[in-house]
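Counting from 99, one number per residue, gives the positions in the sequence shown under the numbering used here. Cβ coordinates follow ideal geometry from the N, Cα and C atoms, glycine included. Report on the structure given below.
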Amino acid sequence: MFDARLRPLIDPTLNKGGRWLAEMGIRANHVTFIGFGFGVAAALFIALGSLWLGLLCVALNRLCDGLDGAVARINGKTDLGGYLDIVLDFFFYGAVPLAFAVMNPGANALAAAMLLFSFYANGSTFLAFSTMAEKRGLETDRQGSKSLYYLGGLAEGGETIAVFCVMCLWPSGFAILAYGFAAICVLSAAARVIGSAKLLS
99 MFDARLRPLI DPTLNKGGRW LAEMGIRANH VTFIGFGFGV AAALFIALGS
149 LWLGLLCVAL NRLCDGLDGA VARINGKTDL GGYLDIVLDF FFYGAVPLAF
199 AVMNPGANAL AAAMLLFSFY ANGSTFLAFS TMAEKRGLET DRQGSKSLYY
249 LGGLAEGGET IAVFCVMCLW PSGFAILAYG FAAICVLSAA ARVIGSAKLL
299 S
C-alpha cells in the first residue's frame, strides 16, 4: 500500500548508491545474492533467538534489494535479474516466519503457518497477474521500474518488512502480529483477485 509513495523518497538515494556500485564494476545480480545472504543470516539469527542481529540482517537485506534495482537501471535490466530478485525475495519472506516458529514452536508455529498461508495466497495472485499482464503487454511504473507488472495491494514489501522489524523488536507479540498481518494479506489477495478479474475480463 505504501510502496508507491515511498519510491520518490528512497529512489534518489538508492540511485546514487547504485551508480557508485556500477562504477566499481559490481553487477545487480551480485547485489541480489549478497542481499539473499543477509536474508538467510536474518532467519538463522532469529531462529537462534539473536533478534537484534536478525533485525540488522533484515535491514541489510532490504538495502540490497533496493540497490540491485538501482544498479540494474544503470547497467540494463535482464530477465535473469528480474527472476532472481522476485524468487529470492519470496524465499526470504517465507524464511522469517519459519524462523520465528523454530525459535518458539509452542507459541509461534500455528501463527507462522497462518502467515505463510497468507503469503502463499498473496504471492499467487501477484505472480499469476504478472504473467497475464505480460501476455497483454500491460506495464506500469507506479511501484518504480520493475521487471514485473503487478497490482498494488494492502500488503506489499514495505508493510511486510515493517512487520518483520516489529516482530524482531517484540518477539512475544509474534502471534498477534502474524495473525493480524495474515488477515491483511488475505484481504490484499482478495482485492488483487477482484482487480485482476476486472482488468483481464
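Report task. May I ask you to report which of helix, strand or coil DSSP gives threonine 176? Result -> coil
Counting C-beta neighbours from all protein chains within 10 Å, is the total for arginine 234 16 or more, i.e. buried, or is it exposed? exposed
For the pair the region 164 to 179 and the region 129 to 146, tell me if three or more CB-CB distances fall below 8 Å. yes
Alpha carbon to alpha carbon, what distance is there between arginine 117 and asparagine 220? 33 Å
In whole angstroms, give me the CA-to-CA distance for isoleucine 292 and aspartate 187.
25 Å
Quick check: the Cα distance between phenylalanine 215 and cysteine 155, rounded to an integer number of angstroms? 24 Å
* With DSSP run on the structure shown, which of helix, strand or coil describes isoleucine 124? -> coil
(Q) I believe leucine 196 touches alanine 276 by the beta-carbon criterion, under 8 Å. Please report the beta-carbon distance rounded to the nearest angstrom. (A) Not quite, the Cβ-Cβ distance comes to about 12 Å (not below 8 Å), so this is no contact.
- How close, in whole Å, do the beta carbons of alanine 193 and glycine 137 come, if the pair is a contact with beta carbons under 8 Å? 7 Å
*Start and end residues, alpha helix (DSSP H) containing serine 216*: 203 to 234
Specify the secondary structure class of leucine 142 as computed by DSSP and reduced to three states.
helix
Secondary structure of serine 286, DSSP reduced to three states: helix
Near serine 294, what residues of its chain come up, given a Cβ to Cβ distance below 6 Å and the 5 sequence neighbours on each side ignored?
Phe227
task = Starting from glycine 256, follow the alpha helix (DSSP H) in both directions and report where the run begins and ends.
result = 255 to 267
Checklist entry - With burial defined as no fewer than 16 other Cβ atoms inside 10 Å of the residue's Cβ, what is the status of methionine 230: buried or exposed? => result exposed
- Message: Quick check: the Cα distance between leucine 297 and tryptophan 150, rounded to an integer number of angstroms?
- Response: 43 Å
_Closest residue to glycine 271 among Glu232, Tyr218, Ala210 (Cα-Cα distance)_ = Ala210
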